[in-house]
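A.B. asks:
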Amino acid sequence: MRSKQTKKFKFKKLINSGESTTLRHHKVTLEFTANPAWYAVQALPYLMEFPYECTEQVFSRYYANSIASFIANSNPKIKRVFDSWKNIPDSKALLSNLEKNQELKSVLLEETPWVLDAQDESERKRRVGLLFDLNHMANNLKTALHKLEKMQTPNGGWTWFKGMPDDRYITQHIITGFG
């Protein structure tokens with residue numbers, strides 16, 4: 001939806017669910033975000049932190065840094081937001097939506113895995129702030145590209161791990177990613 005635009009949504013199955021004799025209603029919560037791209041950006045550190053040095057994961061690091069670099073260089077406002085996340089560790093902006101939403105919090109909720117997910121979301125925001133450090137990004141891009149060059153075989157393909165024969169799947173994965 002664009003700004004100053006309204007839309008009506010009708011959840012027919014939910015409305016008609018009142019006719020069921022076996023269904024027990026508890027609660028429904030609907031969360032809306034004006035800019036889903038923020039969630040995609042917050043996922044970038046996950047791609048950066050793969051623990052292995054296989055070609056696929058090295059490429060994922062390169063890809064995440066490329067996207068982050070493009071975003072930071074094309075939109076200074078976004079970069080300022082991420083800088084604030086990095087520099088203000090106690091900022092409310094770092095709280096996950098679950099941690100912000102008091103209605104969703106309860107004693108029972110604290111005993112569920114979703115609390116860990118909420119804490120992980122806050123940590124992801126901190127890591128995004130660190131990811132958007134331009135010097136760090138440039139260094140990571142250079143390092144990942146150098147590793148990818150070393151993993152490429154003389155015929156142009158890529159191997160899963162250094163020393164293995166080239167693999168069609170991983171080669172297509174990387175070429176598609178660069179495309």
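Residue numbers (the UniProt record's numbering): 1 to 179. Just so you know, even glycine gets a beta-carbon here, dropped at the ideal spot from N, CA and C. Predicted model, so just to flag it, every value in this text is computed and none were measured.
I'd like to know whether the C-beta atoms of Leu44 and Val28 end up nearer to each other than 8 Å.
C.D. replies: No, they are not a contact pair.
A.B. asks: Tell me whether the segment 126-135 and the segment 15-23 touch, counting them as touching only if at least three CB pairs, one residue from each stretch, are closer than 8 Å.
C.D. replies: No, the segment 126-135 is not in contact with the segment 15-23.
A.B. asks: Within 8 Å, do at least three Cβ pairs link the segment 154-171 to the segment 77-87?
C.D. replies: In short, these stretches do not touch, since the Cβ pair count stays below three.
A.B. asks: What does the alpha-carbon distance come out to for the pair Asn139 and Glu31?
C.D. replies: Taking the straight line from one Cα to the other gives about 37 Å.
A.B. asks: Compute the Euclidean distance between the alpha carbons of Ala34 and Leu145, then round it to the nearest angstrom.
C.D. replies: Distance between the alpha carbons of Ala34 and Leu145 is about 35 Å.
A.B. asks: Only counting the same chain, and skipping five residues up and downstream in sequence, which positions put a Cβ closer than 7 Å to that of Ile67?
C.D. replies: Excluding residues within five positions, the ones whose Cβ falls inside 7 Å are Leu44.
A.B. asks: At the level of alpha carbons, what is the spacing between Asp133 and Asn16?
C.D. replies: Taking the straight line joining both Cα atoms gives about 50 Å.
A.B. asks: Here's a check: name, in chain order, each residue in its chain whose Cβ is nearer than 6 Å to the Cβ of Ile174, leaving out the five neighbours to either side.
C.D. replies: The answer, listed in chain order, is Phe59 and Trp158.
A.B. asks: Any idea if Tyr62 is buried or exposed, counting beta-carbon neighbours within 10 angstroms, 16 or more meaning buried?
C.D. replies: Tyr62 is buried by the Cβ-count criterion.
A.B. asks: Grab me the residues of Ala72's own chain with a C-beta within less than 8 Å of its C-beta, minus the 5 sequence neighbours each way, in chain order.
C.D. replies: Taken in chain order, the residues that qualify are Ile78, Lys79, Phe82, Phe132, Leu134 and Met137.
A.B. asks: Hey, out of Gly177, Met151, Gln42 and Gly163, whose CA is closest to Thr55's CA?
C.D. replies: Comparing Cα positions, the closest option is Met151.
A.B. asks: Could you tell me the boundaries of the alpha helix (DSSP H) in which Asn139 lies?
C.D. replies: Leu134 to Met151 is the extent of the alpha helix (DSSP H) around Asn139.
A.B. asks: Based on DSSP bridge pairs, tell me the residues matched to Trp158.
C.D. replies: In DSSP, Trp158 forms a bridge with Gln152.
A.B. asks: Out of Gly179, Leu148 and Phe178, which has the shortest C-alpha to C-alpha gap to Asp166?
C.D. replies: For the residues Gly179, Leu148 and Phe178, the minimum Cα distance to Asp166 belongs to Leu148.
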